[in-house]
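Trainee:
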Amino acid sequence: MKKILIVLKNSDYLDFLAAAQECGKLTAKDMIEDLIRYYVIVQRNKEKILGSVQQRLDGRTD
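Residue numbers (our numbering): 11 to 72.
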């Protein structure tokens, strides 16, 4: 596992903290970690996701 250092402006940190508290996370760090995990999942599955969307679009009859 690698460690990453992220430097945020105070206002950005406070925005993450407010968003974290709105969705039940305890800290801004929790929120940022969730965002990174989500991003990694999306990137790993991007080809599959885009292919599925394209298949749906190709199958449409307007």
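A virtual CB, placed ideally from N, CA and C, is assigned to each residue, including glycine.
#1: On the criterion of 16 or more Cβ atoms from any shown chain inside 10 Å, does Met11 qualify as buried, or is it exposed?
#2: Can you list, in chain order, the residues of its chain whose CB lies under 8 Å from that of Thr37, leaving out five sequence neighbours each side?
#3: Taking only the alpha-carbon atoms, compute the straight-line gap between Ile59 and Val17 and give it to the nearest angstrom.
#4: Closest to Asp22 by C-alpha separation, out of Lys35, Glu57, Ile42, would be which residue?
#5: Roughly how many angstroms lie between the CA atoms of Lys13 and Gly69, to the nearest whole one?
Mentor: From the atom records:
#1: For this step, residue 11 is matched to residue 1 along the sequence shown. With fewer than 16 other Cβ atoms within 10 Å, it is exposed.
#2: Translated into positions along the sequence shown, residue 37 becomes position 27. Contacts found: Leu27, Ala30.
#3: Mapped onto the sequence shown, residue 59 falls at position 49. Mapped onto the sequence shown, residue 17 falls at position 7. Between Ile59 and Val17, the C-alpha separation is close to 31 Å.
#4: The residue you call residue 22 lines up with position 12 of the sequence shown. Minimum Cα distance to Asp22 is reached at Ile42.
#5: Within the sequence shown, numbered from 1, the residue matching residue 13 stands at position 3. Within the sequence shown, numbered from 1, the residue matching residue 69 stands at position 59. Their Cα atoms are separated by approximately 44 Å.
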